[in-house]
Structure formats: C-alpha cells, structure tokens
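Reminder that position 10 of the sequence shown reads as 1020 in this note's numbering, one-by-one numbering, no gaps. Even for Gly, the Cβ is constructed at its ideal location relative to N, Cα and C. Predicted model, so just to flag it, every value in this text is computed and none were measured. First comes the structure, then the notes that go with it.
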Amino acid sequence: MAADQGEQRGERRTRRRLSTEERREQLLSVGARLFSESPYDDVWIEQVAEIAGVSRGLLYHYFPTKRDFFAAVVERESERMLRLTAAVPGVPVREQLSAGLDTYLEHVRAHAHGYRAFHRADAAGDQAVRRVYQRALAAQERQILAALEADPEFGPLAARRPDLRLAVRGWLAFTTAVCLEWLRGCDLTRAQVRDLCARALLGVLAP
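Dropping the structure here:
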C-alpha cells in the first residue's frame, strides 16, 4: 500500500513538472488520436481528460469547449504542414517539388493521427469547426499559388491561367485522398506516392 501511494505521488510530481506548453501539446496529441479514430460528434472531451490523466477542470482551463479543442487540433496540424511545405525563395518549384513532397509524406506518416484528425474536420457537423478547416486549406492553397507565381518557369503560365486556383485546389484534394489511402496500408512506397503526387501537380500545370 505504501509503495502504491509512493508511486501515485511520483506520478503527480511528474505531471506537475509539465510546462503549460507541454501540457497543451499532450492534450492536443490525445485529441488528435481520438478525433482521427472517431467522428467529431462521437468524441467526448472528458475522454481526453481521462486519457491524459488530468481533471476536467484543467482541460477546460486550456480549452473552454469541444469546439475550441478540435479547432486547436486542426490549427496545430495546419501550422505544421504550412511550415513543412513553405517554398525556399530563389529555388525553382520543379527542383523543390520532390524534396518538399518527401518532407510532407514523412510528416504524414509520423503524425498520422493529426493528419487524419485534420481532414476529419471537413465532415464535422459543427460549422465553426468546418470554417477553421476551410481556412487552413485556403492558407495551403495561397502558399502554393504564391510559390508558382514567383517561379521563373511557372510564373508566366500562372498569369495566363484563370483556372490555376481551381487546379491547385483540385491537386490538394487529390493529394489528401492519396495520403489517406496510403495511411490505410496501400502497397505503394513513399517514393511511389511522392512521384504520383508530383506528376499530378505537373500535369495540372501543363499548358
């Protein structure tokens, strides 16, 4: 009994050592897993508190509502993907494409729960959550369009393509579908998935 009490006190001390940012990250990681496995309406925020080993009051201190919590999960994943796929100034898009997709796919595989949770947001019944997701996709779209417009090869083409925004949006949807299927366990290697997505983008950019 004394040993059990000692272990419990030790666990409490470990939890108290987490910084505010570490605790927030822990909660978001738990949320990403739950939201990746179940629809938005089937996840209870109390589950997150139980799995993380914190009180509901502490969880609500960080995230007042489930909407706020899921929005934070989506925003975290969006920020990660935007950082990973940011263009390198002065380097042609064609040269960056394979390396950028490699980095993106490694992130998808390493953070599969977050990636799935992010894309589940589009099916959430909560319109506010869906708007967070749509803003995140729009940010990805703008980042890609800006890189294309600044590129020596694709910039002049972009100026003549009124359908370019729609083409990029379609490519993002294609890449998402491919990545989600890859995570389900399809037989393609990362290199094959990378080449497939690269060919698809170059295809929609062709005059």
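For Asp-1205, the uninterrupted alpha helix (DSSP H) run begins and ends at 1200-1215, by DSSP. In terms of Cβ geometry, Phe-1128 and Val-1188 do not form a close pair [threshold 8 Å]. If you draw a 10 Å sphere on the C-beta of Arg-1141, you find fewer than 16 other C-beta atoms in it, and that means exposed. Ser-1046 is positioned such that its CB atom lies closer than 8 Å to that of His-1123. In the structure shown, Asp-1078 adopts helical secondary structure according to DSSP, grouped into three states. Glu-1163: not part of any alpha helix (DSSP H); DSSP gives it neither H nor E. Residue state for Ala-1042 is assigned as helix, using DSSP reduced to three classes. Nearest C-alpha to Thr-1186 among Ala-1168, Ala-1096, Asp-1132 and Asp-1136: Asp-1132.
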